[in-house]
Amino acid sequence: MNTSDLKAEIARNNFTIPKLAEKMGIDKKTLYTRINGVTCFKQEEIAQLAKILGLNSDKIMSIFLLM
Numbered sequence: 001m002n003t004s005d006l007k008a009e010i011a012r013n014n015f016t017i018p019k020l021a022e023k024m025g026i027d028k029k030t031l032y033t034r035i036n037g038v039t040c041f042k043q044e045e046i047a048q049l050a051k052i053l054g055l056n057s058d059k060i061m062s063i064f065l066l067m
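One point on numbering: in the UniProt record's numbering, the residue at position 67 of the sequence shown is 67, and numbering is uninterrupted.
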C-alpha cells in the first residue's frame, strides 16, 4: 500500500484521520492501524474511501496495489 499517497489524498480533501474515520463510521484507531499497515483495509472500506475522497480506479490501484 502506498501510505504517503493515501495520506496526501486525505489531506487534499481537507480531512483529518479522526474526521475521515467518523465519516466512514469506524473507530479512528481502526483507521490508523489500516493506514499504517498494521491491519489490511477491507474491500468495502476501500470502496468507501474511493467515494469519500473521489478516487478513480487508477488512483485506487496505485494506492492499494503495489505495481
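Glycine included, C-beta positions come from ideal geometry on N, C-alpha and C.
Quick one, are the C-beta atoms of residue i and residue j less than 8 Å apart?
{"i": "residue 46", "j": "residue 1", "result": "no"}
{"i": "residue 6", "j": "residue 21", "result": "no"}
Between residue i and residue j, what straight-line distance do the alpha-carbon atoms span, to the nearest angstrom?
{"i": "residue 56", "j": "residue 8", "result": "15 Å"}
{"i": "residue 39", "j": "residue 33", "result": "6 Å"}
{"i": "residue 42", "j": "residue 15", "result": "20 Å"}
Contact check, residue i vs residue j under 8 Å by CB: the rounded distance?
{"i": "residue 53", "j": "residue 26", "result": "Wrong, their Cβ atoms sit about 15 Å apart, outside the cutoff."}
Please go through the same chain and pick out, in chain order, the residues whose beta-carbon is closer than 6 Å to the beta-carbon of residue i, but skip the five residues on each side of it.
{"i": "residue 13", "result": "53"}
In chain order, what residues of the same chain have a beta carbon less than 7 Å from the beta carbon of residue i, not counting five sequence neighbours either side?
{"i": "residue 50", "result": "60"}
Apart from the five residues just before and just after residue i, which ones in its own chain have a Cβ nearer than 8 Å to its Cβ?
{"i": "residue 28", "result": "17, 18, 21, 22"}
{"i": "residue 48", "result": "24"}
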